[in-house]
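As given, the protein sequences belong to chains A and H, one line each in that order. Residue numbers for the first sequence, in our numbering: 1 to 466. Residue numbers for the second sequence, in our numbering: 1001 to 1320.
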Amino acid sequence: MDAKVVEFSNLLRRNGVRVSLAESMEACRALALTGLGERETVRAALRATMIKRGVDLPTYEQLFDLYFSGLGEAIAATTEATRAALGLEAQAFQELLEELRRWLAEQGIELSELARALLAADTGSLERLLRDAAERARLGDIQQGFQEGRFAHAVAAALGMGGLAAELERLAAALAGGGAPPALRAYVERRLQDLGDLVKAMVRAQLDRQDVSRRERQRLDSLAEKSFFYLTEEEIRRMQEAVTRLAQRLRNVISIRRRRARRGRFDSSATLRRNLQYGGVPFRVVFDRKRKDRPQVMVLCDVSDSVRNVSRFMLQFMYSLQDLYAKVRSYIFVAELGEITALFAERDINAAIESALRGELINVYAHSDFGRAFRMFHRDHLAAVNKRTTVIVLGDARNNYNLPHEWVLKDIKQRAKQVIWLNPENRMTWGFGDSEMDRYAPYCTVVEECRNLNQLYRVIDRLVTA
Amino acid sequence: MFASIDDVIERFARLKYIANRTIATVVYLAARLGKPILVEGPAGVGKTELAKVLAGALDRELIRLQCYEGLDEAKALYEWEYAKQLLYTQILKDKISEVVGGARSLREAVDRIAREDDVFFSDRFILPRPLLRAITSEAPCVLLIDEIDKSDSEFEAFLLELLSDFQVSVPELGTLRARQVPLVVLTSNNAREMSDALKRRCLHLYIDFPDRAHELEIVKLKVPGVSERLAAEVVAVVQRIRKLDLKKVPSVSETLDWARALMLLNVESLDHQLVTDTLATILKYEGDIRKAQQELKAHVELQRAKLKGAQPASDKDLLN
Chain A
1 MDAKVVEFSN LLRRNGVRVS LAESMEACRA LALTGLGERE TVRAALRATM
51 IKRGVDLPTY EQLFDLYFSG LGEAIAATTE ATRAALGLEA QAFQELLEEL
101 RRWLAEQGIE LSELARALLA ADTGSLERLL RDAAERARLG DIQQGFQEGR
151 FAHAVAAALG MGGLAAELER LAAALAGGGA PPALRAYVER RLQDLGDLVK
201 AMVRAQLDRQ DVSRRERQRL DSLAEKSFFY LTEEEIRRMQ EAVTRLAQRL
251 RNVISIRRRR ARRGRFDSSA TLRRNLQYGG VPFRVVFDRK RKDRPQVMVL
301 CDVSDSVRNV SRFMLQFMYS LQDLYAKVRS YIFVAELGEI TALFAERDIN
351 AAIESALRGE LINVYAHSDF GRAFRMFHRD HLAAVNKRTT VIVLGDARNN
401 YNLPHEWVLK DIKQRAKQVI WLNPENRMTW GFGDSEMDRY APYCTVVEEC
451 RNLNQLYRVI DRLVTA
Chain H
1001 MFASIDDVIE RFARLKYIAN RTIATVVYLA ARLGKPILVE GPAGVGKTEL
1051 AKVLAGALDR ELIRLQCYEG LDEAKALYEW EYAKQLLYTQ ILKDKISEVV
1101 GGARSLREAV DRIAREDDVF FSDRFILPRP LLRAITSEAP CVLLIDEIDK
1151 SDSEFEAFLL ELLSDFQVSV PELGTLRARQ VPLVVLTSNN AREMSDALKR
1201 RCLHLYIDFP DRAHELEIVK LKVPGVSERL AAEVVAVVQR IRKLDLKKVP
1251 SVSETLDWAR ALMLLNVESL DHQLVTDTLA TILKYEGDIR KAQQELKAHV
1301 ELQRAKLKGA QPASDKDLLN
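Here it is as structure tokens:
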């Protein structure tokens, strides 16, 4: 069993789950205690000892099913199918096997181990033989779907299927000659086919194991690099999960960073006061608590048609930010500006984004006019910008040849800690046509291309670190 | 000690805690392997309760350490009783001057004092906090480290020595080994991810909200005298509410509160008005309540229609 646990933990590792040596040893000890009688108990024991992160759970469940759903069951199922195909009841089938055994003994025919296990429907021995053969054929090395046939052949060869076929043929001939009942002959002929099916099924199952989370990982990776503009419905849904996870991760990072900065300088007066009870002897030293730096973020998000896909994720991120920081103010704009901070605070994430994009706050079907929106911001909200404020603008800077009014940005930059502009367009196209990016860029601290999840993550990470 | 997994389930049931097979397996393994259990899961699914019941089932003392931001060794492990030490030195002034009495030089006096200083750093002046108590306890105990995610990562690192070797180092006294290995239960609400080092030392248990049948069982066990019908309806409604996208989903303890409240009101069966009036016992945000009300209105009416299904609701239905 220990060998199986080691193999299983290798499988987990190959699929991106971290399992330490200590943990797989622990799993062996746990199984020695619980025994292998009950599937659910084994599942719980292995999970408790080897799986420590919530994210690994789905992979574990899948792999557990694949790995332990075992060959034994598949063999039993095949035997069962054969019995049904022969049209026999369980009782009659047992009698048939018994008859075969008797007949072999009478004729003095000595079968090979494989043939004996196969014909006696001995699940245990058959499983062992198959596993041995799989190991000799290095089935564990299988990587790709197209190798399936090759490995099936290798396993069959290692198992000795060629010899078995000849052996069973001779046996069938002997049965025919020896006047055995026809059911017996039909059974013997069928079993060879069964074994071939089992080998194929085993190879397929092995391939599935290798693949489970490689596919999953590739899917997520490619998603992270895919441009926001070309996402399908399904991908949008998955992307939302990814953004939420990203926000969760940031939350952890932030809370750690805040805590590290907590301890401040020596506070002499508080120390004196605290130690009065000890007669002024400074047993306990008191430090200042550092004032928590509460970053303020103001986000201006373009929600015009041209960047609709991106703004959805950006809005989602703004929503998460608002949970994260005490002071976040969120605005959306097309040709006019509207504040959605309150909307985010009141409603849940999807309802808030839906109503923001539906145009309840501002007309979202107008033509983008960055200049006008900026002027509105300047008029109504500039007072809220101070030296701790980070201002983030998300938009493609395609201004429909309206006045850009870049002086607003200049004013904002003078007052704010930093101005970050995220542009969902390819950097190559900035400044062409009606893009005013080149005019705005000098008044931004950072201008970043933000076309996919990875880029968004980098930007946000920098924002949090700052 | 537990004889088998079924023994765990049985003993827990006697203490009115319904443990499913997974929980029981992990508890059994932890008890037999002497490993800590790290319990994670949403608030109010009985994580802390698990430790309490475990102590009850094994008839051991429960020592509890509540974690919070800024918790340090002095609060968790031990502290010297400075005031007591000072008091003793004051009272024993005469004795001390006697010890120092014949000294010819300052150096000699200090040497003499130094020879006696372990009097002041001995068990007498140590103030044991939960962790030290768990380690030095004569009888085996259950140590509950509650909401470990609220503590700082430095404290988490400090716990590592304790959790793997069951020993702690006190500079003045040396290393203290556990006389009896305590059974440790750590709970976490996942406010932050615990470090891999800590996780590696623990058995991991994730407790989620129970399914309908399971929760019904819990309600019937914990709220004696509740009618079968009311319990079923309460659980059905709560399970439904949990599927909504809420700020805070109702926990098991809130289901129990609600069932108890309805019992007090002598309610036999839920209707829309009643649900609306008492929803505040399970939902704690205004927005959540509003959302749940809309959802439940449809649900309760459906139930009613089903009940009346046998006879047509009105003449109008007959005509149609």
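Cβ coordinates follow ideal geometry from the N, Cα and C atoms, glycine included.
By the CB criterion at 8 Å, Leu361 of chain A and Ile340 of chain A fall inside the cutoff.
Asn452 of chain A sits away from Met437 of chain A, with the two beta carbons spaced by 8 Å or more.
DSSP, read as helix, strand or coil, puts His1204 of chain H in strand. Membership of Glu1147 of chain H in any beta strand (DSSP E) is not indicated, and neither H nor E is assigned to it by DSSP.
With the criterion set as a beta carbon lying under 9 Å from some beta carbon of chain H, the region 94–123 of chain A has no members that meet it. In the DSSP assignment, Asp302 of chain A forms a beta bridge with A:Phe333. The contact set of Arg1021 of chain H on chain A, defined by CB atoms closer than 7 Å, consists of Glu40, Thr41 and Ala44 in chain order. Residue pairing by DSSP places Ile1126 of chain H opposite H:Trp1080 in a beta bridge.
In this structure, the beta-carbon distance from Asn275 of chain A to Phe283 of chain A falls below 8 Å.
The shortest C-alpha to C-alpha distance from Leu300 of chain A to any of A:Ala157, A:Gln143, A:Arg131 and A:Ala356 is the one to A:Ala356. Between Trp103 of chain A and Ala176 of chain A, the C-beta spacing is not below 8 Å.
Within the region 1283–1294 of chain H, the residues whose Cβ lies closer than 9 Å to any Cβ of chain A are, in chain order, Gly1287 and Lys1291. Scanning its chain for C-beta atoms nearer than 7 Å, with the 5 sequence neighbours on each side dropped, one finds around Ser24 of chain A the residues Val5, Val6, Ser9 and Met50, in chain order.
The beta-carbon separation of Val334 of chain A and Ser306 of chain A, rounded to 10 Å, does not stay under the 8 Å limit for a contact. Residue contact with chain A for Ala1083 of chain H: present (Cβ-Cβ distance below 8 Å to some residue of chain A). According to the DSSP assignment, Val385 of chain A belongs to no beta strand (DSSP E), since it is labelled neither H nor E. Against chain H, the beta carbon of Thr34 of chain A has neighbours under 8 Å at Ile1005, Thr1025, Tyr1028 and Leu1029, listed in chain order.
Taking the beta carbon of Asp1245 of chain H as reference, the chain A residues within 7 Å of it are Asp348, listed in sequence order. Here Glu1061 of chain H has Ala1055, Ser1137, Ala1139, Cys1141 and Val1142 as same chain residues with Cβ atoms under 8 Å from its own Cβ, once five neighbours each way along the sequence are excluded.
By the beta-carbon neighbour count (other beta carbons within 10 angstroms, threshold 16), Pro1224 of chain H is exposed.
The shortest CA-to-CA distance from Val447 of chain A to any of A:Phe432, A:Asn454 and A:Gln418 is the one to A:Gln418. Burial check for Phe146 of chain A: the Cβ neighbour count within 10 Å stays below 16, so the residue is exposed. Only those residues of the region 196–212 of chain A whose C-beta falls short of 9 Å from the nearest C-beta of chain H would be listed, and there are none.
DSSP, reduced to helix, strand and coil, places Gln206 of chain A within a helical segment of the structure shown.
According to the DSSP secondary-structure assignment, Gln296 of chain A is paired through a beta bridge with A:Lys327 and A:Thr389. In summary, no residue of the region 396–416 of chain A has a CB separated from any CB of chain H by less than 9 Å. Using a CB distance cut-off of 8 Å, Gly433 of chain A does not count as an interface residue toward chain H. For Leu1127 of chain H, no CB of chain A lies under 8 Å from its own CB, so it is not counted at the interface with that chain. Between Arg29 of chain A and Arg1201 of chain H, the alpha-carbon positions lie close to 14 Å from each other. Here DSSP, grouped into helix, strand and coil, assigns Asn452 of chain A to coil. According to the DSSP secondary-structure assignment, Gln418 of chain A is paired through a beta bridge with A:Thr390. Proximity of His1214 of chain H to chain A, defined by a Cβ-Cβ separation below 8 Å, is not satisfied. A Cβ-Cβ distance of about 20 Å is found for the pair Leu36 of chain A and Ala205 of chain A, leaving them out of contact under the 8 Å criterion. DSSP links Asn423 of chain A through a beta bridge to A:Glu449. Chain H has a Cβ within less than 8 Å of the Cβ of Tyr278 of chain A.
Leu1216 of chain H: member of the alpha helix (DSSP H) spanning Arg1212 to Lys1222, first to last residue.
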